[in-house]
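Here is the structure we will look at, set down as structure tokens.
There are 2 protein chains.
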Amino acid sequence: MSKHLQRELDELRHELLALFGIVEQMIAKAFRALRDRRTDLAREVIGSDEDVDAREVRIEEECLKLLALHQPVASDLRWLTMVIKINSDLERMADLACNIAERAEALNLYPMFPIPNDLQAMVREASTMVRHALDAFVDTDVKLAKQVIQADDSVDDLNRRVIAELQELMKAAPENVEPALHCFSAARHLERVADLAENLAEDVIFMVDGQIVRHHGAFSEG
Amino acid sequence: MSKHLQRELDELRHELLALFGIVEQMIAKAFRALRDRRTDLAREVIGSDEDVDAREVRIEEECLKLLALHQPVASDLRWLTMVIKINSDLERMADLACNIAERAEALNLYPMFPIPNDLQAMVREASTMVRHALDAFVDTDVKLAKQVIQADDSVDDLNRRVIAELQELMKAAPENVEPALHCFSAARHLERVADLAENLAEDVIFMVDGQIVRHHGAFSEG
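Residue numbers (this note's numbering), protein chains in the order written: chain Y, 1389 to 1610; chain E, 1389 to 1610.
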């Protein structure tokens, strides 16, 4: 591989990590908007989306440029095509963070509503999954990628508990139905973030081993 | 472009359309499983997932092989990287169809529950969006791609109506809460199918015009 290509790939990796940093912040902030009834934070999250979109476009263009100019083969080629997919998934995670922020805005219009505690644990787990999946990609660390895949089960468990709690609230009083549905949607969006992290981890294993684990669990629960 | 590459690209297009055909059937069948309380159809949908996964892996490998062997540039390069993204999105749509089928299985455990009529219209609209998005890609038809983007608004409208109807059912009787939530999740999965079709259409416009419309609506509602 030319030194020039190596430098460009390093830069791309750097840009991808920067994008991830923003997305991670957006997810954390969207949850705080929900938990602390902070509509201002929800608006901040939604406001970040434009920057994310611009970065996504730039990274994809950069990938296409490198493919065309350097015509990499084998591992570099696979790495670059993975960047294209990861980049697109990070942008989707940012959209999901915006969706959660919108649910927070909607929820804040109702009187105080008890957010299930397990939702916070879900945010933590899902964010860790994304971070580990990205680390696994950057360090081509198959072991870490496998941990990410396992972690998805715990997000699913938390999600089930959140849903059970919301169901009880809705059954207890009709006026809980609407706010609980906003919360339910937020949990679904978080679950989708975790799924995207799992997809990424599966792709890392495929990239390294050529081993197809991506469909080991058939499909994520929903 | 070499004749050889042309033939390989044609074959790839063919495989992608075949994959789409399966996914389209899965979505339609998952909805019938829900509407007609056909647990057998739900299981058929879930059973198709393996075939979809195998096809996705094959198409991606084919793309990587063509990139490495032919080192295409310009429009062929962009086309191939789009196939990688579309392929991955089709597989996700199949997962969403499986998720809807799971909701059908769960719903069928409850006594008869009135599925909102607008859910059927949503299925129809979302499937048409996917079909048109794929046609727009295959025929590089920007006009059709723009129609797909507009159609997403109508799916969002239908989704709002479905949610409103489900909310009323839940408020009316606590025993409606659980089945209505399964229906609500199915609607959310369908909405996600429509979003994926919209993403695809935006990418087609970007591929043809270099015009970035993909983020014109900031992010899809959720």
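We treat Cβ as the ideally placed atom computed from N, Cα and C, and that holds for glycine.
Here the structure is a predicted model, which means the values were calculated and not measured.
Counted as a single uninterrupted DSSP element, the alpha helix (DSSP H) harbouring E1490 of chain Y occupies residues 1462-1495. For the stretch 1392-1461 of chain E, the continuous alpha helix (DSSP H) assignments of 4+ residues that do not extend past its boundaries occur at 1427-1458, in sequence order. The beta carbon of K1417 of chain E does not come within 8 Å of any beta carbon belonging to chain Y, so the residue lies off that interface.
For a Cβ distance threshold of 9 Å, residue set I1551, L1554, Q1555, M1558, L1569, F1572 of chain Y lies close to L1569 of chain E, ordered along the chain. In the DSSP annotation of this structure, the continuous segment of the alpha helix (DSSP H) that includes F1525 of chain E starts and ends at 1505-1526.
Runs of the beta strand (DSSP E) lying entirely within the stretch 1556-1603 of chain Y, each at least 3 residues long, are absent. The three-state reading of DSSP puts S1390 of chain Y in coil, since its state is none of H, G, I, E or B. In this structure, V1536 of chain Y sits near A1585 of chain Y, with a CB-CB distance shorter than 8 Å. The contact set of K1473 of chain Y on chain E, defined by CB atoms closer than 9 Å, consists of I1472, K1473, S1476 in chain order.
Apart from sequence neighbours up to five positions away, the residues of its chain that approach L1557 of chain E with a beta-carbon distance below 6 Å are N1564, A1568, ordered along the chain. Residue burial annotation: R1466 of chain E is buried, with at least 16 other C-beta atoms found within 10 angstroms of its C-beta. Inclusion of V1511 of chain E and F1419 of chain E in the CB contact set at 8 Å is warranted, their separation being smaller than that value. Between the stretch 1566-1581 of chain Y and the stretch 1499-1515 of chain Y there are three or more C-beta pairs closer than 8 Å, enough to call the two in contact. Between A1492 of chain E and A1582 of chain E, the gap from beta carbon to beta carbon reaches 8 Å or more. Taking the CA atoms as reference points, D1597 of chain E sits about 12 Å from A1533 of chain E. Separation of the CB atoms of E1448 of chain Y and I1410 of chain Y is rounded to 16 Å, and the pair is thereby denied contact status at 8 Å. Residue-level contact by beta carbon holds for E1566 of chain Y and chain E, with a gap shorter than 8 Å.
Scanning Y:P1504, Y:E1590, Y:E1490, Y:A1442 for the CA closest to the CA of A1539 of chain Y turns up Y:E1590.
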